[in-house]
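Colleague: First the structure, which I've put down as structure tokens, then a few questions once you've had a look.
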Amino acid sequence: MELKFDEKGLIPAIVQDHYTKEVLTLAYMNAETLALTIAEGRTVFWSRSRQEIWRKGETSGNVQKVVSITADCDKDALVVEVVKSGPACHTGAESCFFNEVYLSPELKQFSWQGLYDLIKGRKTSPKEGSYTTYLFEKGKEKILKKVGEECTEVIIAGEKEDKEETIYEISDLAYHVLVLMVQAGITVEDITRELEKRHVIDHKVKQERMQ
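Its first residue numbered 686, the sequence shown is counted upward by one per residue in this note's numbering.
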């Protein structure tokens, strides 16, 4: 594909987490660093401030392994999907985009990663009066008990064929499962990775492997 680089020989590259789809950073590539990125299978950029090649993670260890590179309709911008081994931002944040400018009160965005991070925050920074913090303080047995209780509630609601109640109970179960994941050190990426593996496996073969 013939890409369109700007007058300085650069093209913007939007880096996106392959699993969560979160936008991680905006960097720039030239023809050389794009070729290096493809050849090495990791993100390699051109530093406009230092005027030199910049391999992401070369000093920090936070390497980004490339899954795919896609150009936009005008072929003058790229989206690079990656699997990251650490924070994308030099501040230590998972993404460089964390300064909220505007959030619509009518269209508040939800994400599993966002809820997971909120729950994790209640464990690392306990908040008085928080139900989530209470669960972590009570420990694994209490969390497992709640997961079991919510499973039962889902079954009861499903048996009654009450759609609204079933939605409500599934939401409760999903929340408590995320609490269990945080407690067990399981990430959203871990689950996504496992589901991706199952997605490409024939149903019969998958059943045989699970037995």
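Glycine included, every Cβ here is placed at the ideal spot set by N, Cα and C.
Counting along the chain, where does the beta strand (DSSP E) carrying Arg740 start and finish?
Modeller: Locating residue 740 in the sequence shown gives position 55, where the first residue counts as 1. For Arg740, the enclosing beta strand (DSSP E) starts and ends at 737–740.
Colleague: Out of Ser734, Gly746, Val832, Glu737, state which residue places its alpha-carbon closest to the alpha-carbon of Arg727.
Modeller: Start at 1 with the first residue of the sequence shown, and residue 727 comes out as number 42. Here the closest residue by C-alpha is Gly746.
Colleague: Rounded to a whole number of angstroms, what is the C-alpha to C-alpha distance between Met895 and Ile871?
Modeller: Here the question's residue 895 lines up with position 210 in the sequence shown. Here the question's residue 871 lines up with position 186 in the sequence shown. Any reading at Met895 must be qualified, since the residue scores a pLDDT of 49, below 50, and its modelled position is unreliable; the value itself is stated next. Those two C-alpha atoms are separated by around 20 Å.
Colleague: Let me check understanding here. Comparing Cα to Cα, which of Ser789, Gln736, Asp857 lies closest to Lys831?
Modeller: Counting from one through the sequence shown, the residue named residue 831 turns up at place 146. Among Ser789, Gln736, Asp857, the Cα nearest to that of Lys831 belongs to Asp857.
Colleague: Would a C-beta distance cut-off of 9 Å place Thr710 and Phe782 closer than the cut-off?
Modeller: Taking the first residue of the sequence shown as 1, we reach residue 710 at position 25. Taking the first residue of the sequence shown as 1, we reach residue 782 at position 97. Yes, the pair counts as a contact, with Cβ atoms nearer than the cut-off.
Colleague: Specify, as a first and last residue, the run of the beta strand (DSSP E) that Tyr713 falls within.
Modeller: Here residue 713 refers to the residue found at position 28 of the sequence shown. Element bounds for Tyr713: 708–714.
Colleague: DSSP three-state call for Thr728: helix, strand or coil?
Modeller: Indexing the sequence shown from 1 puts residue 728 at position 43. Secondary structure at Thr728: coil, using DSSP grouped into helix, strand and coil.
Colleague: Rounding to the nearest angstrom, what Cα-Cα distance links Leu721 and Leu803 in this structure?
Modeller: As a first step, residue 721 must be located in the sequence shown, where it is residue number 36. As a first step, residue 803 must be located in the sequence shown, where it is residue number 118. Taking the straight line joining both Cα atoms gives about 37 Å.
Colleague: With a floor of 4 residues, list each alpha helix (DSSP H) that falls wholly inside the segment 834–862, ordered by position along the chain.
Modeller: none
Colleague: Between the Cα of Ala712 and those of Glu835, Gly806, Phe730, Glu879, spot the shortest distance and give me the residue it belongs to.
Modeller: Translated into the one-based positions of the sequence shown, residue 712 becomes position 27. Out of Glu835, Gly806, Phe730, Glu879, Phe730 has the C-alpha closest to the C-alpha of Ala712.
Colleague: What would DSSP say about Lys760, mapped onto helix, strand or coil?
Modeller: Locating residue 760 in the sequence shown gives position 75, where the first residue counts as 1. Lys760 falls in the coil class under three-state DSSP.
Colleague: Looking at the C-beta of Glu766, does it have a partner C-beta in chain C at a distance below 9 Å?
Modeller: Structure shown: chain C not included; a single protein chain is present.
Colleague: What is the rounded straight-line gap between the Cα of Asp759 and the Cα of Ile852?
Modeller: The residue you call residue 759 lines up with position 74 of the sequence shown. The residue you call residue 852 lines up with position 167 of the sequence shown. Each residue's alpha carbon lies about 42 Å from the other.
Colleague: Which first and last residues belong to the alpha helix (DSSP H) in which Asp802 is found?
Modeller: Position 117 of the sequence shown, counting from 1, holds the residue named residue 802. Its alpha helix (DSSP H) spans residues 797–809.
Colleague: My understanding is that Asp702 touches Val767, with C-beta atoms under 8 Å, so please give their C-beta distance in whole angstroms.
Modeller: Locating residue 702 in the sequence shown gives position 17, where the first residue counts as 1. Locating residue 767 in the sequence shown gives position 82, where the first residue counts as 1. Right, their Cβ atoms sit about 7 Å apart.
Colleague: Restricting to Cα atoms, I'd like to know which of Lys805, Ile855, Gln749 is closest to Ala773.
Modeller: As a first step, residue 773 must be located in the sequence shown, where it is residue number 88. The option with the nearest alpha carbon to Ala773 is Gln749.
Colleague: Can you look up Met895 in the DSSP assignment and give me helix, strand or coil?
Modeller: Working through the sequence shown from its first residue, we reach residue 895 at position 210. Since pLDDT at Met895 reaches only 49, below the 50 mark, its modelled position is unreliable, and the value read off the structure follows with that caveat. The DSSP-derived three-state label of Met895 is helix.
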